[in-house]
Amino acid sequence: MTDAPRSPDADDPLLVIVDGANVVGSRPDGWWRDRRGAAERLRDRLAGAGLPGLPAPVEIVLAVEGAARGVESVPGVRVESAPGSGDDRIVELAAEHRGRPRLVITADRELRRRVTGLGAEVAGPRTVLD
470 MTDAPRSPDA DDPLLVIVDG ANVVGSRPDG WWRDRRGAAE RLRDRLAGAG
520 LPGLPAPVEI VLAVEGAARG VESVPGVRVE SAPGSGDDRI VELAAEHRGR
570 PRLVITADRE LRRRVTGLGA EVAGPRTVLD
């Protein structure tokens with residue numbers, strides 16, 4: 470893999486990268502008792518409902534870290550387990566896909582700054598939870 474931006478392809482769908490820890494943590498519903506289960510519920514919600522208000526097609530990537538590592542991908546949602554910081558993996562994903570439209574779902578201010586510097590758009594957790 471190179472660090473050079475890849476050429477955009479007119480057929481590339483919008484890449485939506487979901488900050489799993491940030492989105493799950495945005496609601497006090499007991500997620501801290503079962504982080505892996507909370508990530509699986511978010512994955513399943515994304516796979517079932519998609520992203521309301523966004524035109525199809527979209528490619529959804531759920532970035533997970535810590536206790537949620539190892540959550541499996543399902544049709545409609547690719548899960549990326551970060552070997553270290555989830556934020557760093559999200560930035561890597563945004564950088565790997567320069568040249569195509571990207572939307573990062575997070576409320577993390579520093580992560581927002583980092584990915585917008587790469588040309589990605591950002592939206593908050595309500596985009597996938599409401």
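For the sequence shown, counting from 1, position 25 maps to 494 in our numbering; every step adds exactly one.
For every residue, glycine included, the Cβ atom is placed at its ideal position computed from N, Cα and C.
Please report the distance separating the alpha-carbon of R475 from that of R569. Taking the sequence shown and counting its residues from 1, one reaches residue 475 at position 6. Taking the sequence shown and counting its residues from 1, one reaches residue 569 at position 100. Because the pLDDT at R475 is just 43, under 50, the model does not fix this residue reliably, and the point stays unresolved.
How far does the beta strand (DSSP E) with E528 in it reach, from first residue to last?
Locating residue 528 in the sequence shown gives position 59, counting from the first residue. Note, E528: beta strand (DSSP E), V527 to V533.
**Message:** Spatial neighbours of R504 within its chain, please: C-beta separation below 6 Å, excluding the five flanking residues on both sides.
**Reply:** The sequence position of residue 504 within the sequence shown is 35, counting from 1. Taken in chain order, the residues that qualify are A536 and A537.
- Task: Taking only the alpha-carbon atoms, compute the straight-line gap between D599 and T575 and give it to the nearest angstrom.
- Result: Walking along the sequence shown from the start, residue 599 turns up at place 130. Walking along the sequence shown from the start, residue 575 turns up at place 106. Using only the alpha carbons, I get a separation of about 14 Å.
task = Measure the Cβ-Cβ separation of V546 and A516 and say whether it is below 7 Å.
result = Along the sequence shown, read from residue 1 onward, the residue named residue 546 stands at position 77. Along the sequence shown, read from residue 1 onward, the residue named residue 516 stands at position 47. Closer than 7 Å, so yes.
**Asked** Which residue's Cα is closest to the Cα of D513: L572, V493 and R578?
**Response** Translated into the one-based positions of the sequence shown, residue 513 becomes position 44. If we check each option's Cα against that of D513, V493 comes out closest.
Q) DSSP puts V546 in a beta bridge; with which residues? A) The residue given as residue 546 occupies position 77 in the sequence shown. I529 and V543, per the DSSP bridge assignment.
| request: Compute the distance between the beta-carbons of A564 and L580, then report whether it is under 7 Å. | output: The count along the sequence shown starts at 1 and reaches residue 564 at position 95. The count along the sequence shown starts at 1 and reaches residue 580 at position 111. In this structure, L580 does not lie closer than 7 Å to A564 by Cβ.
Contact check, V527 vs V584, beta carbons under 7 Å: Here the question's residue 527 lines up with position 58 in the sequence shown. Here the question's residue 584 lines up with position 115 in the sequence shown. No, these two residues do not count as a Cβ contact at 7 Å.
Where R496 falls: helix, strand or coil (DSSP) = Taking the sequence shown and counting its residues from 1, the one referred to as residue 496 is at position 27. Note: R496 maps to coil in three-state DSSP.
Requested in this report: Using the Cα positions of G499 and D480, report the straight-line distance between them to the nearest angstrom.
Outcome: Here residue 499 corresponds to residue number 30 of the sequence shown, with the count starting at 1. Here residue 480 corresponds to residue number 11 of the sequence shown, with the count starting at 1. Roughly 40 Å separates the two Cα atoms.
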